[in-house]
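Trainee:
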Amino acid sequence: MEEQQVVKALAALAQTHRLRVFRALVVAGEQGLTPGVMATDLDLAGATLSFHLKELMHAGLVTQDRQGRNLVYRADYASMTGLLAYLTTNCCQGQACLDKSATSCGC
Numbered sequence: 000m001e002e003q004q005v006v007k008a009l010a011a012l013a014q015t016h017r018l019r020v021f022r023a024l025v026v027a028g029e030q031g032l033t034p035g036v037m038a039t040d041l042d043l044a045g046a047t048l049s050f051h052l053k054e055l056m057h058a059g060l061v062t063q064d065r066q067g068r069n070l071v072y073r074a075d076y077a078s079m080t081g082l083l084a085y086l087t088t089n090c091c092q093g094q095a096c097l098d099k100s101a102t103s104c105g106c
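One point on numbering: in numbering that gives the first Met the number 0, the residue at position 87 of the sequence shown is 86, and numbering is uninterrupted.
#1: For the stretch 40–56 against the stretch 79–88, do three or more pairs of beta-carbon atoms, one drawn from each stretch, fall closer than 8 Å, so that the two count as touching?
#2: Quick one: residues in its chain with C-beta nearer than 6 Å to the C-beta of R19, no 5 flanking neighbours on either side, listed in chain order?
#3: If I'm right that Y76 touches L32 with Cβ under 8 Å, what's the distance once you round it to whole angstroms?
#4: Can you round the beta-carbon distance between L12 and V61 to whole angstroms, since I take them to be within the 8 Å contact cut?
#5: Within 10 angstroms of its Cβ, does R181 collect 16 or more other Cβ (buried), or is it exposed?
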């Protein structure tokens, strides 16, 4: 993942509503969620949700698919994995920081 894309992704997630939307989509998995379901579950107005979904899509963290009359949004797991990989590259100065029994980084 390029540094500029990482900055966009982190900026998009650095807002409470967008972080909640993204986490809801991660939990939903491949099934994804429609805006109506997200608006109800997250107690967000439709226009507000639309704005935040657009920002997450622009950052490459969310995809949109039309299924009949409905739009379905999904977390982009490849992008999420790329972001995490970028953030953890050379973790612990290049040493393995987790053994199989560890529950946190031993740095």
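C-beta atoms are modelled at their ideal positions from N, C-alpha and C, and glycine is treated no differently.
Note that the coordinates shown come from a computational prediction; the quantities given were computed from them, not determined experimentally.
Mentor: Straight from the coordinates:
#1: Inter-segment contact for the stretch 40–56 and the stretch 79–88 is absent: fewer than three beta-carbon pairs are separated by less than 8 Å.
#2: The residue labelled residue 19 in the question sits at position 20 within the sequence shown. Annotation for R19: L41 place their beta carbon closer than 6 Å to its own, counting only its chain and skipping 5 residues before and after.
#3: The residue given as residue 76 occupies position 77 in the sequence shown. The residue given as residue 32 occupies position 33 in the sequence shown. Contact flag wrong, Cβ pair sits at about 15 Å.
#4: In the sequence shown, counting from the first residue as 1, residue 12 sits at position 13. In the sequence shown, counting from the first residue as 1, residue 61 sits at position 62. For L12 against V61, the beta-carbon gap comes to about 11 Å, at or over 8 Å, which does not count as contact.
#5: Nothing in the structure corresponds to residue 181, since the chain is present only between 0 and 106.
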